[in-house]
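Scroll down for the structure; my scribbles are underneath it.
Quick look at the structure:
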């Protein structure tokens, strides 16, 4: 799980670098306290796909 968390942190940094400092502030991806490895892997995949397609994820309204 530590490896997945490290990978998630790295992918989040790449996402923020590409789409801007506040780009993940209002995006819901998964429960931050999850212990489910598949949830974390799914989140990594979603972020990588957004980066690859150069399309930011939809944010929830303020």
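Residue numbers (the numbering used here): -13 to 48.
All C-beta atoms in this analysis are idealised placements derived from N, C-alpha and C, irrespective of residue type, glycine included.
Item                                                                               : Value
Cα-Cα separation between residue 42 and residue -1, rounded to whole angstroms     : 13 Å
Nearest neighbour of residue 44, chosen from 13, -3, 6, 32 [CA to CA]              : 13
Residue -13 versus residue 21 - alpha carbon distance                              : 8 Å
Buried/exposed call for residue 46, threshold 16 Cβ in 10 Å                        : exposed
Inter-residue CB distance, residue 4 and residue 37 (contact presumed, cutoff 8 Å) : 6 Å
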